[in-house]
Structures are given as structure tokens and as C-alpha cells.
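Add 366 to the 1-based position in the sequence shown for the working numbering, that's all there is to it.
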Amino acid sequence: MKIQDCLLPALALLATLPMNAELVDISTAKTSLILDAEKGSPLKVLYYGDRLDARDKDVLRDAGGMNLNAYPVYGLYPQAEAALSVTHADGNRTTDVAVTDIKTSTENNGASVTTVCMTDKAYPFDVNLNYRTYPDQDVIETWVEIKNREKGTVTLNRFMSGYLPVRYGDVWLSSLYGTWADEANLTEEPLPHGVRMIKNKDGLRNSHTSHGEIMLSLDGKPRENSGRVIGAALCYPGNYKLFIDTDDTNFHHLFAGINEENSEYHLKKGETFTTPELALTYSDEGLSGVSRNFHKWGRKYRLHAGDKERKVLLNSWEGVYFNINEEVMAGMMEDIASMGGELFVMDDGWFGDKYPRDVDNSTLGDWVVDTNKLPNGINGLLETAKKNGVKFGIWIEPEMTNTVSELYENHPEYIIKAPNREVVKGRGGTQLVLDMANPKVQDIVFTVVDTLMTKYPEIDYIKWDANAPIMEHGSQYLTADNQSHLYIDYHNGLIKTLNRIREAHPDVTIQACASGGGRVNWGILPWFDEFWCSDNNDALQRVYMQWGTSYFFPAIAMGSHISASPNHQTFRRIPTKFRADVAMSGRLGLEMQPRDMNDEDKDICRQAINDYKAIRPIVQFGDLYRLQSPYDKKGVASLMYVTPEKDDAVFYWWKIETFMGQQLPRIPMAGLDPDKMYTVTELNRIDNEPLPFEGKSFTGRYLMSNGLEMPLTYKVDYHKNTDYSSRVLRLTAK
Ligand code: GLA
């Protein structure tokens, strides 16, 4: 992002600006953000919500209420929380900025950017607030450029991406929390007085323990399909901080940005610091409405190749772990091809010459084929893939190394390490993180991908993993006085590298994996086609994890695999039908050794893959309507996807507990056209006879008021009965 040069003399400005230049209207199709940009004063935010009628806009200020600084800065009246806090070159810790100019520009993709330029009243120090909108979206991206024109270095102590006041009331926060193998749990709570903070300090992976995205329901307890809701997503792959300060004013104050702790940034004379974007959206169609806004915007503008269908794949990890060899890989390719899959991905364990990667304690960084395991190399595997009519993908973890590796032996200076201390080691007791702040390391990481793709252009998919946090605060590259830049410069370096990779290799599909779901955020997805939600593939727990993930991220990006039973994480035994019905609500894949399946289970997978291909455009490009939350403990969870034209839909119903005498709610559907007739077809059917409504047609109105009655069990031969039950229905409009 280039800083807009807004430093025209004030008098010239007055002459060129139209009379009503103070009101800045950042409107999308259905929402408006109204700012007051009076020259000589700080920028004020007057309104955010439903799109405003022009007539109301004119009298907005007279209605009273919100008239707060759009980007509060620290120093004068320092009692309140601020979005920006700096120490000027002369040591002054106060900042006082006022509007000097407003600019608009159009980007290549059609987005409009409004920039409100502010300058400190006493210092040559600029703060430009940017607002980006897209013609067909209801998301507003906001970010800040901070420019130092002072005589010396300015220190940024806090530098948030954005601030938004929300009128005090019965406002509820929806956010995600978790841990490895238990990611994206949903929590909903009324905003407390004081501060509610969501933060990340991992350094590298930022969506295990919490997520940088939230929703605020303005009308009391959150509802899926009604009520006013604001969504906020910080688009940043590193450490973040989102907090809501509910103080003694009439507002809840939302701040979101890079976590400034231990990260003060030194801005040299002439330098500009650009914050990551904060994406804001608003909907009066409840939580699901905000999710749809994020999904639509994300698919079109933030997810790599968000308009391209994702393939059905088999990933080798849980099937064989490190036991990779040519024969086993060939068998897996044959099996996934025979079930209708389109892609095979070889996970960890394929590389290493001096140190073969047989377990997790060596070799990261030595990205050469282990020819003992794979005598015919990658080319041999590509040939086998071609023979089977599937594409081939490969696992890498390019930001990492191990103490046991040729890379580390040759370049110990490339790792993250503090001076005068024993290095801290991670996974396998040997894993180390490469210092992405170092341009030489950036080159190495670029070369890992570039070499693979140049030598083997037929590689279709890369699983990019990252299995460690930043384990100590120390960069061997950064100077002693800039050690606080480590966390930020790591991600700047990563983004620079990803830009190079995408420029050279735009077509390869890349999955963001980080110890499971550690990299699920809009700050990383512009370079990635999808993410891995979790290392936990237990279908029952996935109902919860994918529910939470769907708040902010679309199904097209959500890797969701049928794994073995008993499950490798929870050891729960879940029938294949239920596992398939859950997996096919995201980007369907398999994560097991197909040779361990019996023919009946293989048939279920084959049918699921076949059915999924038919509904793939609805799942991957459709609008999500969440219907019944698993968190409501009603015994069932349900959601559906509907095409934008409302002519085709898929309905999912998963029974999540089993008791005799259970009284489950009937689930009204949503998102259909009330006047269209929808014909029902069950997918993944295992019953001996069809459901009563199979092949029957109903109006969208009936389905949305009443839903359909789901039987609690399957009609199958006695020995096939299980305690699980799930249904997937396709609804096709005539
Ligand atoms: C991480 C990933 C897994 C798998 C392993 C390989 O844990 O999340 O899916 O790729 O690494 O070591």
C-alpha cells in the first residue's frame, strides 16, 4: 500500500474542496459508515449500520449520539484507551492529529479507497485512515498509514488497525477459543463492564487459542438469522489484540490491531508504517448474515483463487504417518482414484538425504527426496498419479528446521535465537524456527517452493505447514536496538516471500496448515486457497469446530476429511456415513489408509465423493444459513447452503447425541425462495427404503416455516443400526 500524499497546504485545500466535504460517506450496498472530516479537527465517526437514507444523513448530527474520534490517539486526556500511542523524536508522548485532506482512488479490482489524511498539529507526523469498499460487497476494510517526517526516529508504542464505537446496550460478543485439536470453539457472552480482550502471542500461528475475528450482536443474545450484528476480522497472520472497553460513556469501544506488547516499532525519519486491515461488516440478518458477508467478500477478494472449485483429495498423514514409500503411495493413489477422488497429497516423511525424516525430530529444511523411500523420486510419483488419473500434492514446512538437519549445520545463523542462551527447541525436541525477518531466509523459503514447482510443474497442491511458535524473543538478523521488531518483521518477511511465490506460481493450490488450525485468518488467505481446520478429525467434534470456523470462513476453504474409526485423536467410533456427512459440509477429503476400509465403507465414501461433486458448487460458492447450533444442546445441529439464485440447496442434519425418548426440534430451513418449489433428494443414502419426502416437492415457504421431519434412526438391516444418525438433502428448484 502506498501512502497517499495528503500534505497540501491548508488554504489550497479549502479552495478545492466542495462545501459539504466534512461528511465522508463510506457506504456499501446495505451498510453505511459516516465520518465527519472537518478540516482542522480530528476525524469523527458518526454512524455505522444499515445503509443510511440521504435525508437522514443530513440531520445525523442532530439525532445526537456517536461523535467520537474515529482513531483515538494517546496523550491529551490520556485516561481513555487509544488506538495509537507514539513517542515523538524529541520524547514527547502526546499526539494530536487533525484532518488535512480527503482523497479517493480506485484500485485495479474495482475497489474504492477513501483516505482521510490527518497531521499532528505540532509535529510533522501523519496518520492516514483508509477505508476500502467493493462494489458488490458489504465489507469495509480499514487500515492506517503512519508516516514520520520528524527529524529523528519515532517509536510506535501502540498502532491499532482500527477503532469502532458501538452504542452501549445489551451487546453480546461471539468469539472463538480453543487449543490444538480443539480449535474454533464458540463462546457467546454479554459484554462486561471493563475490558474484554482477545489476544494472540504465539508469534507465528494465531488461531489455536483464540481468533482475530469477532461478532457483536446489538440486540441481546445472538441469533442466527435475525438481529443486528457487527462483524470484525483483523486480517493479520501474526500476534494480535482485539479488545472492547466498556467504560462510563454510552459506548463499547472496539479496538483491533497488531499486538504491540514487546513489539514497539521504531519508525525512522521518512518511513511509513502500514497496519494490517481490519474488515468490518454489518447485517440485520443475524450471525449468519454477517458470516455470508465475510464469505462472499473473502471468496472474491481475499482467498486465493476463491472462484475455483476445490478438488476432492486423499491426504496420507493419518493413513501412514511417516511410513512413506513408493508402493504405499501408489496404493493410496489407486484407491482414491477408484473412489472418484481427484487429488492425492503426500504428507510429512518424504524427504532427507543425510538425515532421513522418519520421525518428527529431524530434517526440516533439507527438502530433497529420500531416495531410499522413493527411488523414482517425485517424477515417479507424478507418473503414478497420471496413470491413475489423479493430481499430486506434497507437504512442506518451509519456515522451519531442526537441530538435526543439513540446513542448520550449515547455517545456524538463520534461526530465531536470543544471544547468550541455549536455543529453545520445539517439536521432536529439535525443531527450530527460521528467522523470516532475514532476507536470506526469505530467499531460502521462496526457493523451497520455487524449486519444487520448477522441477515438477505438475505438482498441483502444496500443504504448507508450520508446527512451532516463536519460542524465544531473539533475531540474529535484526540489530540490538530493533529486537522489538521481531514479531512484525517475521510476518513482513513471510508476506514478502508469499508474494514472490504467488507471482511465480499463481496456479498451485496451497493449504495453510499450522499444527492443524493454527493459521485460519484473513491475513494469510490471500496467498492460500484453503486452510486445515484442525488435527482433530473426529466427526462429532468437527461439527462444533466447523460450526465456529464457519462464522468467519467459507466452506470452500475449510479442509474437512473423512478419517478412520476409531478416530486417531478421540478414539471414538463413528460410522462412515456420519463421518462422510460431516466432511462433505466443507472441502471434502479423506485422511486415512483406504486399504484399511471394508468394501461397504469404501462404497459409502465412493457415493459421498460422487454426491459431493454434484453439490460442490452449492457448498463451495453458495450462501451459508446456520439453522440449529450444536452449542444449543438440542441434540441436533443443522445448516444449509443455498445458491445465490436460490435454485439449488443442500441441507445438513446431524444428530449429536442419542437417548431413548429423545424429542428433537424440527428444523425450519432458511435462505430459500418462498415461492419456488423444491424437490427433495437424499444424498449419501444408506436406508433400505427412501425417506417419505424423497422426490416430493415443497414450496420454499413451507420448508422455511416447517422444515421436514427427520427420522431419528436409519432404516437398515438390524446389524447395521448405530447410535449415530445424519442426513444430507439436496433441494432443487424446478
Ligand atoms: C501437523 C499437521 C498434520 C501433519 C503433521 C505432519 O501436525 O497439522 O496434518 O501434516 O504436521 O508432521
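Yeah, the Cβ is synthetic: ideal placement off N, Cα and C, and Gly gets one too.
Minimum Cβ-Cβ distance from K634 to chain D less than 7 Å: This model lacks chain D altogether, as it is built from one protein chain only.
For R665 and L542, the rounded distance between their alpha carbons: Start at 1 with the first residue of the sequence shown, and residue 542 comes out as number 176. Start at 1 with the first residue of the sequence shown, and residue 665 comes out as number 299. Their Cα atoms are separated by approximately 21 Å.
Three-state class that DSSP yields for Q797 in the structure shown: Stepping through the sequence shown from its first residue, residue 797 is reached at position 431. Strand, per DSSP.
Sub-7 Å separation of F1017 and L1095 beta-carbons: By one-based count along the sequence shown, residue 1017 stands at place 651. By one-based count along the sequence shown, residue 1095 stands at place 729. Here F1017 is near L1095, since their CB atoms are less than 7 Å apart.
Option in E1055, V439, S407 and L426 with minimal Cα separation from S398: Against the sequence shown, residue 398 aligns to sequence position 32. If we check each option's Cα against that of S398, L426 comes out closest.
Where M963 sits in the DSSP three-state scheme: Locating residue 963 in the sequence shown gives position 597, where the first residue counts as 1. DSSP, reduced to helix, strand and coil, places M963 outside both helices and strands of the structure shown, so it counts as coil.
Nearest-angstrom Cβ-Cβ length linking G718 and D701, presumed shorter than 8 Å: Here residue 718 refers to the residue found at position 352 of the sequence shown. Here residue 701 refers to the residue found at position 335 of the sequence shown. Incorrect: roughly 26 Å between the Cβ atoms, too far for contact.
Collapsed DSSP secondary structure at H661 in the structure displayed: On the sequence shown, residue 661 is found 295 positions in, with the first residue counted as 1. Here H661 sits in helix by DSSP.
Length at least 3, wholly inside the region 591 to 650: the beta strand (DSSP E) runs in chain order: Listed in chain order, the complete beta strand (DSSP E) runs (minimum 3 residues) inside the region 591 to 650 are 595 to 600, 606 to 612, 617 to 624, 631 to 633, 638 to 640 and 644 to 649.
Any non-hydrogen atom of the ligand GLA within 6 Å of C971 CB: Here residue 971 corresponds to residue number 605 of the sequence shown, with the count starting at 1. No, the beta carbon of C971 sits no closer than 6 Å to any heavy atom of the ligand GLA.
CA-to-CA distance, N865 to A880, given in whole angstroms: Position 514 of the sequence shown, counted from the start, is the residue given in the question as residue 880. Position 499 of the sequence shown, counted from the start, is the residue given in the question as residue 865. So the alpha carbons of these two residues sit roughly 19 Å apart.
R571, DSSP secondary structure in three states: For the purposes of this step, residue 571 is taken as residue 205 along the sequence shown, with counting starting at 1. Coil at R571, not helix or strand.
S771 versus S728: straight-line alpha-carbon distance, rounded: Taking the sequence shown and counting its residues from 1, one reaches residue 771 at position 405. Taking the sequence shown and counting its residues from 1, one reaches residue 728 at position 362. The C-alpha of S771 lies about 6 Å from the C-alpha of S728.
Same chain, Cβ closer than 6 Å to N616, five either side skipped, listed in chain order: In the sequence shown, residue 616 corresponds to position 250, counting from 1. Around N616: Y534.
Three-state secondary structure (DSSP) of E692: As a first step, residue 692 is located in the sequence shown; it is residue number 326 there, counting from the start. E692 carries a helical assignment under DSSP once its states are collapsed to helix, strand and coil.
Sheet register partners of M924 (DSSP bridge): By one-based count along the sequence shown, residue 924 stands at place 558. M924 pairs with F897.
Distance between T767 and L798 (C-alpha atoms, nearest Å): On the sequence shown, position 432 is the one that residue 798 refers to. On the sequence shown, position 401 is the one that residue 767 refers to. Going by the C-alpha atoms only, they are around 5 Å apart.
Extent of the continuous beta strand (DSSP E) run through S407: For the purposes of this step, residue 407 is identified with residue 41 of the sequence shown, where counting begins at 1. Per DSSP, S407 is not a residue of any beta strand (DSSP E), being assigned neither H nor E.
Burial state of V725 (16 or more Cβ within 10 Å): Working through the sequence shown from its first residue, we reach residue 725 at position 359. Around the Cβ of V725, a 10 Å sphere holds fewer than 16 other Cβ atoms; the residue is exposed.
Of the residues N474, I400 and D650, the one placed nearest L530, counting alpha carbons only: Within the sequence shown, residue 530 is the residue found at index 164, counting from 1. Proximity to L530 across N474, I400 and D650 peaks at I400, based on C-alpha coordinates.
Distance cut-off 6 Å: D831 Cβ against heavy atoms of the ligand GLA: Here the question's residue 831 lines up with position 465 in the sequence shown. Checking the Cβ of D831 against the ligand GLA gives yes.
S573 beta carbon near the ligand GLA (any heavy atom closer than 6 Å): Stepping through the sequence shown from its first residue, residue 573 is reached at position 207. Because no heavy atom of the ligand GLA lies under 6 Å away, the Cβ of S573 does not count as near it: no.
Cβ-Cβ distance between D1053 and K1086 below 7 Å: Looking up residue 1053 in the sequence shown gives position 687. Looking up residue 1086 in the sequence shown gives position 720. Going by C-beta atoms, D1053 is not nearer than 7 Å to K1086.
Nearest-angstrom Cβ-Cβ length linking T460 and G441, presumed shorter than 8 Å: Indexing the sequence shown from 1 puts residue 460 at position 94. Indexing the sequence shown from 1 puts residue 441 at position 75. Cβ-Cβ separation between T460 and G441: approximately 3 Å, consistent with a contact (criterion under 8 Å).
Backbone secondary structure at L891 - three-state DSSP: Taking the sequence shown and counting its residues from 1, one reaches residue 891 at position 525. L891 falls in the helix class under three-state DSSP.
beta-carbon S881 near the ligand GLA non-hydrogen atom, thresh 6 Å: In the sequence shown, the residue the question calls residue 881 occupies position 515. Checking every heavy atom of the ligand GLA against the Cβ of S881, one is found closer than 6 Å.
Cβ-based burial, P444 [other Cβ within 10 Å; buried from 16]: Here the question's residue 444 lines up with position 78 in the sequence shown. Under this definition P444 is an exposed residue.
Where T813 falls: helix, strand or coil (DSSP): As a first step, residue 813 must be located in the sequence shown, where it is residue number 447. Here T813 carries a helix assignment [DSSP, helix/strand/coil].
W546 beta carbon near the ligand GLA (any heavy atom closer than 6 Å): Taking the first residue of the sequence shown as 1, we reach residue 546 at position 180. It does not: the Cβ of W546 is nowhere closer than 6 Å to a heavy atom of the ligand GLA.
Coil, strand or helix - R421 by DSSP: Translated into positions along the sequence shown, residue 421 becomes position 55. R421: helix per DSSP, three-state reduction.
Distance cut-off 6 Å: D901 Cβ against heavy atoms of the ligand GLA: One-based indexing of the sequence shown puts residue 901 at position 535. In this structure, D901 has its CB closer than 6 Å to one or more heavy atoms of the ligand GLA.
beta-carbon W716 near the ligand GLA non-hydrogen atom, thresh 6 Å: Locating residue 716 in the sequence shown gives position 350, counting from the first residue. Not under cutoff, so the answer is no.
CB contact flag (V711, N742, <7 Å): As a first step, residue 711 must be located in the sequence shown, where it is residue number 345. As a first step, residue 742 must be located in the sequence shown, where it is residue number 376. For V711 and N742, no; Cβs fall outside 7 Å.
Identity of the residues DSSP links to E579 by a beta bridge: Counting from one through the sequence shown, the residue named residue 579 turns up at place 213. DSSP lists A599 as partners of E579.
Beta carbon of Q935 nearer than 7 Å to that of A547: Working through the sequence shown from its first residue, we reach residue 935 at position 569. Working through the sequence shown from its first residue, we reach residue 547 at position 181. For the pair Q935 and A547, the CB atoms are nearer than the 7 Å cut-off.
Any non-hydrogen atom of the ligand GLA closer than 6 Å to D888 Cβ: Taking the first residue of the sequence shown as 1, we reach residue 888 at position 522. The question names Asp, but residue 888 in the sequence shown is Trp. Distances taken from the Cβ of W888 to the heavy atoms of the ligand GLA include none shorter than 6 Å.
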